[in-house]
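Comments concern the structure below.
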Amino acid sequence: MSAMPSVEAHAAELAASLHGPEKVRTRLVDEIREGLADTIAAHTREGEPPEGVFERAVREFGTPAELAPSCQRELTVAQTRRTSLTVALAVPVVLAAWSLAWGASAVALAVGIVGVVLALGTLAATGSVARGLPVPGWLPLVAAWSGTIAGVAVVPTTLALALTSAASWPLVLLASVLAVVAHGVVAGSARTCRRCARLTPA
Amino acid sequence: MKADAIRGHLDGLLLAVLEPGPRHGYAIITAVQQRSGGALELRTGTIYPALNRLERLGLLRSTWDSVGERRRRCYELTDAGRRGLADERSAWRAFTTAIGSVLDPQPGSAT
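Residue numbers (UniProt numbering), protein chains in the order written: chain A, 1 to 202; chain B, 1 to 111.
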């Protein structure tokens with residue numbers, strides 16, 4: 001079909017303007033590409049002249065700029081959920097490693113519990129539990145910055161513990177490796193989440 | 001009917017056309033347009049993120065369906081989706097009854 005390169009260009013333009021989890025983005029763009037191809041096929045079946053059929057189909061279906069805001073809103077929620085899940089998994093692992101190397105700290109435990117509860121709360125607020133309630137506009141940005149702070153704080157805290165408290169070196173090594181991995185995963189996810197929150201229309 | 005007026009009811013429209021059985025995205029678009037007699041001015045591509053959202057909320061589930069070289073995502077209502085549709089219907093009936101009785105008062109009704 002002669003219109004297919006235009007369909008690909010439409011999908012590519014939409015994909016380029018969207019940020020969020022790759023799997024969700026690819027699935028959404030793939031579906032929209034198929035939907036536009038179906039719309040063109042339907043116009044062609046109705047006997048419309050081939051000239052301008054792509055433009056007429058896009059007028060009905062939506063340009064990349066018209067579709068991007070609702071797609072980005074969904075991707076931002078998906079990324080917020082991903083960042084929250086990352087925090088909810090990483091915090092207990094880091095806390096366990098710290099406790100193993102340097103003993104349990106009530107303050108660290110309290111901060112960790114608050115972090116995990118907030119992350120699980122975000123997952124609940126964006127999932128089936130909160131059906132019928134809108135996702136608050138500030139939630140993605142709050143989740144992004146909470147993730148950023150948690151991701152950044154883990155490295156100097158581990159370093160300070162390693163320099164000031166005695167512990168056997170294999171445990172210090174284990175705690176340090178886990179801290180660096182947690183920092184990379186959480187900070188990376190939070191960075192994407194900040195970007196998504198910035199791109200999401202109010 | 002303008003897009004702004006439809007926005008708040010899109011979830012109900014999508015759930016309603018999926019009530020008889022599973023459909024893929026374009027079949028959902030066609031069903032909404034046919035049932036409304038083409039009166040809804042809707043950028044049809046916006047139903048895809050809406051379907052994605054309804055699936056995230058557990059109201060729909062979806063699977064890939066291959067027809068020849070084409071792959072389409074097929075959506076169907078979950079039990080929660082059926083309950084959601086029933087809620088949308090009763091909310092809509094209450095709304096239209098209330099507005100209707102003000103806009104079109106029955107002869108003989110008070111005030």
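Ideal Cβ positions, reconstructed from N, Cα and C, are used throughout, including at glycine. Predicted model, so just to flag it, every value in this text is computed and none were measured.
- For A:W138, which of helix, strand or coil comes out of DSSP? coil
- Taking Cβ to Cβ, would you say A:T76 is nearer than 9 Å to A:A197? yes
- Query: In its own chain, which residues sit with a C-beta less than 6 Å from the C-beta of A:A101, not counting the 5 before and 5 after it?
  - Reply: A167, L171, V172 and A175
- Query: Going by other Cβ atoms of all chains shown within 10 Å of its Cβ, with 16 needed for buried, is A:P50 buried or exposed?
  - Reply: exposed
- Query: I think A:R59 touches A:T200, with their Cβ atoms under 8 Å apart; what is that distance to the nearest whole Å?
  - Reply: A:R59 to A:T200, Cβ: 26 Å. No contact.
- Message: Rounded to whole angstroms, what is the Cα-Cα separation between A:E55 and A:R25?
- Response: 24 Å
- Message: Let's test the definition: count the other Cβ atoms within 10 Å of the Cβ of A:L169 and tell me whether it reaches 16, buried, or not, exposed.
- Response: Checking the sequence, you will find Trp at residue 169 of chain A rather than Leu. That one is exposed.
- Item | Endpoints, the alpha helix (DSSP H) within which B:R43 is located | Here B:R43 belongs to no alpha helix (DSSP H), and DSSP marks it neither H nor E.
- Message: One question on the structure: do B:L103 and B:L54 come within less than 9 Å of each other, judged by their Cβ atoms?
- Response: no
- Query: Between which two residues does the beta strand (DSSP E) containing B:V67 stretch?
  - Reply: L60 to V67
- Message: Could you pull the DSSP bridge partners for B:L77 from this structure?
- Response: B:L60
- Task: Return the CA-CA distance between B:A91 and B:P20, expressed in angstroms with no decimal places.
- Result: 21 Å
- Around the C-beta of A:L67, are 16 or more other C-beta atoms found within 10 angstroms, so that it is buried, or is it exposed? buried
- Item | Distance, A:V155 Cα to B:G16 Cα | Correcting the residue type first, residue 16 of chain B is Ala in the shown sequence and not Gly. Between B:A16 and A:V155, the C-alpha separation is close to 51 Å.
- If residue 138 of chain B sits next to A:S70, beta carbons under 8 Å apart, how far is it from one beta carbon to the other, in whole angstroms? Given a span of 1 to 111 for chain B in the structure shown, any question on residue 138 of chain B remains unanswerable.
- Task: Would you decide whether B:G37 is buried or exposed? Buried here means 16 or more other CB atoms lie within 10 Å of its CB.
- Result: exposed
- So which residues of chain A does B:T44 contact, with C-beta pairs closer than 8 Å? G35, T39, E60, F61 and G62
- Task: Locate the alpha helix (DSSP H) running through A:V114, then write down its first and last residues.
- Result: A106 to A125
- May I ask you to report which of helix, strand or coil DSSP gives B:H9? coil
- Along the alpha helix (DSSP H) that carries B:Q33, what are the first and last residues, could you check? G25 to R35
- Task: Can you give me the start and stop residues for the alpha helix (DSSP H) that A:V129 sits inside?
- Result: That residue, A:V129, is in no alpha helix (DSSP H); it is neither H nor E in DSSP.
- Message: Looking at the secondary structure, which residues open and close the alpha helix (DSSP H) in which A:S84 lies?
- Response: P64 to W102
- What residues of chain B sit near A:C193, judged by a beta carbon separation below 7 Å? None at all; the shortest Cβ gap to chain B is about 16 Å.
- Query: Since B:N52 contacts A:L28 with CB under 8 Å, what's their CB separation in whole angstroms?
  - Reply: 6 Å
- Message: How far does the alpha helix (DSSP H) with A:T26 in it extend, from its first residue to its last?
- Response: E22 to R45
- For B:F95, count neighbouring Cβ atoms within 10 angstroms of its own Cβ and tell me buried if that reaches 16, exposed if not. exposed
- Message: Taking contact to mean 3 or more Cβ pairs, one atom from each stretch, closer than 8 Å, check whether the region 24-34 of chain B and the region 109-121 of chain A are in contact.
- Response: no
- Say whether the region 138-158 of chain A touches the region 187-197 of chain A, bearing in mind that this needs 3 or more beta-carbon pairs closer than 8 Å, one atom from each stretch. yes
- Message: On the criterion of 16 or more Cβ atoms from any shown chain inside 10 Å, does A:R82 qualify as buried, or is it exposed?
- Response: buried
- Express the C-alpha separation of A:Q79 and A:G104 in angstroms, rounding to a whole number. The identity of residue 104 of chain A in the sequence shown is Ala, whereas the question assumes Gly. Their Cα atoms are separated by approximately 32 Å.
- Along chain B, in chain order, which residues have C-beta atoms closer than 8 Å to that of A:L123? Under the 8 Å cutoff, chain B gives no residues; its nearest Cβ is about 11 Å from A:L123.
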